[in-house]
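> So in this note's numbering, the last spot in the sequence shown is 893, and the numbers never skip.
Glycine included, every Cβ here is placed at the ideal spot set by N, Cα and C.
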Amino acid sequence: MNLNDVIKGPLITEKLDKAREKFRQYSFIVDRKATKHDVARAVETLFKVTVEGVRTNVVRGKVKRVGRNIGKRPNFKKAVVTLKQGDSIELFEGGAA
Numbered sequence: 797m798n799l800n801d802v803i804k805g806p807l808i809t810e811k812l813d814k815a816r817e818k819f820r821q822y823s824f825i826v827d828r829k830a831t832k833h834d835v836a837r838a839v840e841t842l843f844k845v846t847v848e849g850v851r852t853n854v855v856r857g858k859v860k861r862v863g864r865n866i867g868k869r870p871n872f873k874k875a876v877v878t879l880k881q882g883d884s885i886e887l888f889e890g891g892a893a
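And the structure:
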């Protein structure tokens, strides 16, 4: 699997912000077929950091309704990556806009 196709983007929530500050854990939306080894290799090469651990989870899409129409959001896979002490990833470059 191509390393650029493994990571689709960062996952940013308040809960994950606290984990990032306290436990050096970063969360990404990844390809559904990617393994933990693929995710670790992609994060290490793209961001030049050392990965200590990777946890993955397939998040099931919710059923949503707009008026009479019922639809389902797609399933996606998220990965929580723990970095080595002293390493960090800059998710937002350039500062505040």
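Alpha carbon to alpha carbon, how far is L879 from E817? Give it in angstroms, no decimals.
Within the sequence shown, numbered from 1, the residue matching residue 817 stands at position 21. Within the sequence shown, numbered from 1, the residue matching residue 879 stands at position 83. Near 12 Å, if we compare the C-alpha coordinates of L879 and E817.
> Looking only at C-alpha atoms, which of K868, R856, L842, G857 sits nearest to S884?
One-based indexing of the sequence shown puts residue 884 at position 88. For the residues K868, R856, L842, G857, the minimum Cα distance to S884 belongs to L842.
> Considering only residues of the same chain and omitting the five flanking positions on each side of R828, which have a CB-CB separation below 6 Å?
In the sequence shown, counting from the first residue as 1, residue 828 sits at position 32. Here the set comprises K873.
> Note the first and the last residue of the continuous alpha helix (DSSP H) segment covering F843.
Counting from one through the sequence shown, the residue named residue 843 turns up at place 47. It spans 832 to 843 - the alpha helix (DSSP H) in which F843 sits, taken as one unbroken run.
> For R861, write down the residues that DSSP places opposite it in a beta bridge.
Position 65 of the sequence shown holds residue 861. Note: R861 sits in a beta bridge opposite I866.
> For a test of the three-state rule: what should DSSP assign to E848, helix, strand or coil?
As a first step, residue 848 must be located in the sequence shown, where it is residue number 52. It is a strand residue.
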